[in-house]
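This report concerns only the one structure given below.
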Amino acid sequence: ETGVTQSPTHLIKTRGQQVTLRCSSQSGHNTVSWYQQALGQGPQFIFQYYREEENGRGNFPPRFSGLQFPNYSSELNVNALELDDSALYLCASSLEPTGELFFGEGSRLTVL
Amino acid sequence: EDKVVQSPLSLVVHEGDTVTLNCSYEVTNFRSLLWYKQEKKAPTFLFMLTSSGIEKKSGRLSSILDKKELFSILNITATQTGDSAVYLCAVYTGTASKLTFGTGTRLQVTL
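As you go down the protein sequences, you meet chains A and B in turn. Following my numbering, the numbering of the first sequence begins with 1 at its first residue and continues without gaps. Following my numbering, the numbering of the second sequence begins with 1001 at its first residue and continues without gaps.
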């Protein structure tokens, strides 16, 4: 166990809806990164938060947004859901922005 | 665009065999290469490599990086059924905070 917890573990939404995924980082970690993993693919970087500020973003549209709170927990919000957003969303925390990542168990999102 | 390629995509071996997994990369401003094991959901950290030619070992697993030829290998000796998983290779680049992952190698160890 990495100490990184995510919720919910599974959820089903319909196209056009909005979703919020949550992540609690490992104690002492000030950096949280979010990844999207489609079936049979490696994780794709969405964005990273370091000390409550966005610290890098991958090739995802603006409808993917995030927050980091003073306790370093984080949220990923996705608006106007599309079928292709169906994936496993992984949160990872680290001691620093380019340190080893400790992943949570993920939130599996299905968009119908 | 940064690229990480893993091979083979999948393989099946018998318990006790030794396997070598490959990872090559084409990136700008390489910083480090990481290996992860993914059994069900959460990838678990195996190794971080930053220097060429220095082998890192953990039990039956070992890994080495070649920054001149732009690749890394992950070796698993005396494989066990518990080694069955997807092994992911990823690279940190430049000032970016993102890890670029390969698609992974699916290893199945049979009795």
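Note that the Cβ used here is the ideal one computed from N, Cα and C, for glycine as well. These figures come from a predicted structure and were not determined experimentally.
Proximity below 8 angstroms, CB of residue i to CB of residue j
| i | j | result |
| --- | --- | --- |
| glutamine 26 (chain A) | threonine 9 (chain A) | no |
| leucine 1088 (chain B) | leucine 1074 (chain B) | no |
| valine 1117 (chain B) | valine 1109 (chain B) | Because chain B spans 1001 through 1111 in this model, residue 1117 (chain B) falls outside it and cannot be assessed. |
| leucine 101 (chain A) | tyrosine 89 (chain A) | no |
| cysteine 91 (chain A) | serine 65 (chain A) | no |
| serine 1097 (chain B) | asparagine 55 (chain A) | yes |
| threonine 1093 (chain B) | phenylalanine 1030 (chain B) | yes |
| serine 1084 (chain B) | aspartate 1066 (chain B) | no |
| glutamine 44 (chain A) | glutamine 36 (chain A) | yes |
| alanine 87 (chain A) | leucine 109 (chain A) | yes |
| valine 1027 (chain B) | valine 1091 (chain B) | yes |
Which of helix, strand or coil DSSP assigns to residue i
| i | result |
| --- | --- |
| leucine 1021 (chain B) | strand |
| threonine 115 (chain A) | As displayed, chain A neither begins before 1 nor continues past 112, which places residue 115 (chain A) out of reach and without an answer. |
| leucine 83 (chain A) | helix |
| glycine 66 (chain A) | strand |
| glycine 28 (chain A) | coil |
| threonine 98 (chain A) | coil |
| glycine 56 (chain A) | strand |
| serine 1081 (chain B) | A small fix is needed here, since residue 1081 (chain B) is threonine in this sequence, not serine. Helix, per DSSP. |
| tyrosine 72 (chain A) | coil |
| alanine 92 (chain A) | strand |
| valine 1109 (chain B) | strand |
| arginine 22 (chain A) | strand |
Where residue i falls, given that 16 or more other Cβ within 10 Å makes a residue buried
| i | result |
| --- | --- |
| glycine 1113 (chain B) | Residue 1113 (chain B) lies beyond the stretch modelled for chain B, which goes from 1001 to 1111, so this question has no answer here. |
| leucine 1107 (chain B) | buried |
| lysine 1068 (chain B) | exposed |
| aspartate 85 (chain A) | buried |
| glycine 42 (chain A) | buried |
| proline 70 (chain A) | exposed |
Limits of the unbroken beta strand (DSSP E) element including residue i
| i | result |
| --- | --- |
| valine 1112 (chain B) | Missing from the structure shown is residue 1112 (chain B); chain B here goes from 1001 to 1111 and no further. |
| isoleucine 46 (chain A) | 44-50 |
| threonine 31 (chain A) | 31-37 |
| arginine 1060 (chain B) | Looking at the DSSP string, arginine 1060 (chain B) is not in any beta strand (DSSP E), and its letter there is neither H nor E. |
Neighbouring residues, chain A, relative to residue i (Cβ below 8 angstroms)
| i | result |
| --- | --- |
| tyrosine 1092 (chain B) | Thr98 |
| leucine 1088 (chain B) | Gly42 and Pro43 |
Chain-ordered neighbours of residue i on chain B, where CB pairs are closer than 8 angstroms
| i | result |
| --- | --- |
| phenylalanine 69 (chain A) | Per Cβ cutoff of 8 angstroms: no residues; phenylalanine 69 (chain A) is ~19 angstroms from chain B at best. |
| glutamine 36 (chain A) | None at all; the shortest Cβ gap to chain B is about 11 angstroms. |
| glutamine 17 (chain A) | Correct list: empty, because the minimum Cβ distance to chain B is about 23 angstroms. |
| glutamine 48 (chain A) | Ser1097 and Lys1098 |
Within chain A, the residues that residue i reaches when beta carbons sit closer than 9 angstroms
| i | result |
| --- | --- |
| glycine 1102 (chain B) | Gly42 |
| lysine 1037 (chain B) | Here the premise fails: no neighbours, minimum Cβ distance about 11 angstroms. |
| phenylalanine 1045 (chain B) | Thr2, Glu100, Leu101, Phe102 and Phe103 |
Proximal chain A residues relative to residue i, where beta-carbon distance stays under 7 angstroms
| i | result |
| --- | --- |
| phenylalanine 1071 (chain B) | Chain A residues near phenylalanine 1071 (chain B): none, gap ~16 angstroms exceeds 7 angstroms. |
| serine 1007 (chain B) | The premise fails here: serine 1007 (chain B) is roughly 13 angstroms from chain A at the closest Cβ pair, so nothing lies under 7 angstroms. |
| lysine 1041 (chain B) | Leu88, Glu105 and Gly106 |
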